[in-house]
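Visitor:
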Amino acid sequence: MSRKTKKCGYRKRILAGVLSAVVALSSVQMPVTAVALVKDKAAGLKPLDPKSNFHKIEMALYKAYHDKKERWNDGADPDAFIKTGLDAVGWNRAQYDKDATDPKVKELIDLWEVSYPIAKVQGVPAYVVNGKYLLMTKNIMSLDSMVNKIKELSAK
Numbered sequence: 010m011s012r013k014t015k016k017c018g019y020r021k022r023i024l025a026g027v028l029s030a031v032v033a034l035s036s037v038q039m040p041v042t043a044v045a046l047v048k049d050k051a052a053g054l055k056p057l058d059p060k061s062n063f064h065k066i067e068m069a070l071y072k073a074y075h076d077k078k079e080r081w082n083d084g085a086d087p088d089a090f091i092k093t094g095l096d097a098v099g100w101n102r103a104q105y106d107k108d109a110t111d112p113k114v115k116e117l118i119d120l121w122e123v124s125y126p127i128a129k130v131q132g133v134p135a136y137v138v139n140g141k142y143l144l145m146t147k148n149i150m151s152l153d154s155m156v157n158k159i160k161e162l163s164a165k
């Protein structure tokens with residue numbers, strides 16, 4: 010394998026991690042956010058764009074968890090969790106289920122699953138940037154500071 014080929018593969022893996030910003034998600038959340046990212050990429054939207062599906066879903070889940078103290082029956086109610094994300098972007102479950110089978114979605118989830126064991130060290134939510142930087146969420150005081158930290162680490 011040539012150096013160029015290795016470099017392209019590496020860049021592709023890193024790009025997927027950077028685009029997602031969040032690479033270690035629960036097995037329920039992975040497909041929801043992966044579908045959003047694939048749709049956003051096709052529409053030319055960046056993940057942190059307020060108009061992106063990814064951003065809308067992440068904000069809805071963040072607000073549900075932190076503001077409304079929603080716990081989706083301690084993870085035992087994945088349908089309610091998924092519904093929170095789908096409602097944020099106005100998607101129906103049948104179309105989402107179909108979109109979740111897209112090979113691009115599967116590829117993205119496969120990339121995230123590599124980082125999942127690393128992130129479990131800290132707990133949920135755990136955020137790994139570029140497959141090597143684990144954000145310490147206890148030190149993050151706002152969503153803006155988290156976004157800035159992700160940008161900083163992504164540039165390294």
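In this note's numbering, the protein residues as written are 10 to 165.
Quick reminder that beta carbons are idealized off the backbone N, C-alpha and C, glycines included.
1. Would you check if the segment 62-72 and the segment 42-52 touch, i.e. whether three or more CB-CB distances between them fall below 8 Å?
2. Examine the Cβ distances between the segment 102-119 and the segment 47-61 and report whether three or more of them are shorter than 8 Å.
3. Suppose the cutoff is 6 Å on Cβ atoms and the five residues either side in sequence are ignored; what does the same chain contact list for Met155 look like?
4. Report the option in Thr93, Asp88, Pro87, Ala85 whose CA atom is closest to the CA atom of Lys77.
5. Which one of Leu57, Asp58, Thr146, Leu95 has the shortest CA to CA distance from Ala73?
6. Report the option in Val41, Ser163, Lys165 whose CA atom is closest to the CA atom of Gly99.
7. Reducing DSSP to helix, strand and coil, say where Ala45 ends up.
8. Please state the DSSP three-state secondary structure of Tyr136.
9. With DSSP as the reference, please indicate the residues paired to Leu143 in a beta bridge.
10. Roughly how many whole angstroms lie between the Cα atoms of Ala69 and Ala97?
Guide: Reading off the structure:
1. Contact holds: three or more Cβ-Cβ distances are below 8 Å.
2. For the pair of segments examined, the segment 102-119 was found to touch the segment 47-61: the number of CB pairs separated by less than 8 Å reaches three.
3. Ile149
4. When the alpha-carbon of Lys77 is set against those of Thr93, Asp88, Pro87, Ala85, the nearest one is in Thr93.
5. Leu95
6. Val41
7. Helix at Ala45.
8. In this structure, Tyr136 counts as coil in the three-state DSSP scheme.
9. DSSP lists Val137 as partners of Leu143.
10. 6 Å
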